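Residue numbers (the working numbering): 27 to 233.
Note sheet for the following structure.
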């Protein structure tokens, strides 16, 4: 499991800015959504005015092929608040997608998907992951798409965001799962907490 620091993440985003992978990568890094959840998003799931994203389905490969699946657990079905940068990127992406729809004409499959192939069809997760790895390798990065989810969680925890809130954004069944997965981040959080105590009370008590 890898997590990018802020500098690495910004470098990655800058490197792929002009590709169709940029918006889904950005969304993963600042929401913690899984790849299948991102590829399953429909425009009807988004309220960009309220900066809300409803996670209600996932794209998965089954014996019958690529299809939509309901979230695994009740907590996986969730509402995630979007940062303003995500809203801006999604609006730009929608404009580009509308241009692709016009170019394809009747051949465009309008499934209302936020992230799709150029013809509007479902973007298979395995194909996306393979293309993503090749793309970022050219820029010196070697991570899995899922590591963007770890990046989001680690950055939130290091910033002092409560574990319960992080767990809700990730769609974990319980907060204890979040604690188990990201226990390596906690020692640093304790050091930061002690530093805050010293800063807030140390001088006053020492007087």
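In this text, a Cβ means the ideal position worked out from N, Cα and C, and glycines have one as well.
Just so it is clear, the structure is predicted and the values come from calculations on it, not from any experiment.
Residue from 73, 41, 61 and 81 with nearest C-alpha to residue 171: By 1-based counting over the chain shown, the position of residue 171 is 145. Of all alpha-carbon atoms in 73, 41, 61 and 81, the one lying nearest the alpha-carbon of residue 171 is that of 61.
Endpoints, the alpha helix (DSSP H) within which residue 203 is located: The residue given as residue 203 occupies position 177 in the chain shown. Segment 201-207, the alpha helix (DSSP H) holding residue 203.
Identified DSSP bridge partners for residue 90: Within the chain shown, numbered from 1, the residue matching residue 90 stands at position 64. The beta-bridge partner set that DSSP reports for residue 90 is empty.
Backbone secondary structure at residue 105 - three-state DSSP: Indexing the chain shown from 1 puts residue 105 at position 79. Note: residue 105 maps to strand in three-state DSSP.
Touching by the beta-carbon criterion (3+ pairs, under 8 Å), the stretch 147-154 and the stretch 70-81: Contact fails: fewer than three Cβ-Cβ distances are below 8 Å.
Proximal residues to residue 111 (C-beta, below 8 Å), its chain only, five neighbours per side dropped: Within the chain shown, numbered from 1, the residue matching residue 111 stands at position 85. Contacts found: 52 and 56.
Assumed close pair residue 13, residue 58 - CB separation to whole angstroms, cut-off 8 Å: Any question about residue 13 goes unanswered here, given that the chain covers just 27 to 233.
Where residue 66 falls, given that 16 or more other Cβ within 10 Å makes a residue buried: Stepping through the chain shown from its first residue, residue 66 is reached at position 40. It counts as buried.
DSSP three-state assignment for residue 72, whether helix, strand or coil: Along the chain shown, one-based indexing puts residue 72 at 46. In the structure shown, residue 72 sits in a strand (DSSP, three-state: E or B).
Backbone secondary structure at residue 189 - three-state DSSP: Translated into positions along the chain shown, residue 189 becomes position 163. Residue 189 falls in the helix class under three-state DSSP.
Three-state secondary structure (DSSP) of residue 28: Within the chain shown, residue 28 is the residue found at index 2, counting from 1. The answer is coil: DSSP assigns residue 28 none of H, G, I, E or B.
Supposed close pair residue 204, residue 187 - CB separation, criterion 8 Å: Along the chain shown, one-based indexing puts residue 204 at 178. Along the chain shown, one-based indexing puts residue 187 at 161. The C-beta separation of residue 204 from residue 187 comes to about 11 Å, leaving the pair out of contact by the 8 Å criterion.
Limits of the unbroken alpha helix (DSSP H) element including residue 181: To locate residue 181, count along the chain shown from 1; it is residue 155. Where residue 181 is concerned, the enclosing alpha helix (DSSP H) stretches over 172-184.
Whole-Å CB distance - residue 185 paired with residue 196, under 8 Å assumed: The count along the chain shown starts at 1 and reaches residue 185 at position 159. The count along the chain shown starts at 1 and reaches residue 196 at position 170. Not quite, the Cβ-Cβ distance comes to about 15 Å (not below 8 Å), so this is no contact.
Residues near residue 29 by beta carbon distance below 6 Å, same chain, minus five either side: On the chain shown, position 3 is the one that residue 29 refers to. The residues are 176, 177 and 180.
Rounded C-alpha distance that separates residue 87 from residue 104: Mapped onto the chain shown, residue 87 falls at position 61. Mapped onto the chain shown, residue 104 falls at position 78. The alpha-carbon separation between residue 87 and residue 104 amounts to approximately 22 Å.
Residue 50 classed as buried or exposed, judged by whether at least 16 other C-beta atoms fall within 10 angstroms: Stepping through the chain shown from its first residue, residue 50 is reached at position 24. Residue 50 should be labelled buried.
Anticipated Cβ contact below 8 Å, residue 145 with residue 70, distance rounded: Within the chain shown, residue 145 is the residue found at index 119, counting from 1. Within the chain shown, residue 70 is the residue found at index 44, counting from 1. Contact annotation, residue 145 with residue 70: C-beta distance approximately 20 Å; criterion of less than 8 Å not satisfied.
Residue 48 vs residue 39 beta-carbon contact at 8 Å: By one-based count along the chain shown, residue 48 stands at place 22. By one-based count along the chain shown, residue 39 stands at place 13. Yes, the pair counts as a contact, with Cβ atoms nearer than the cut-off.
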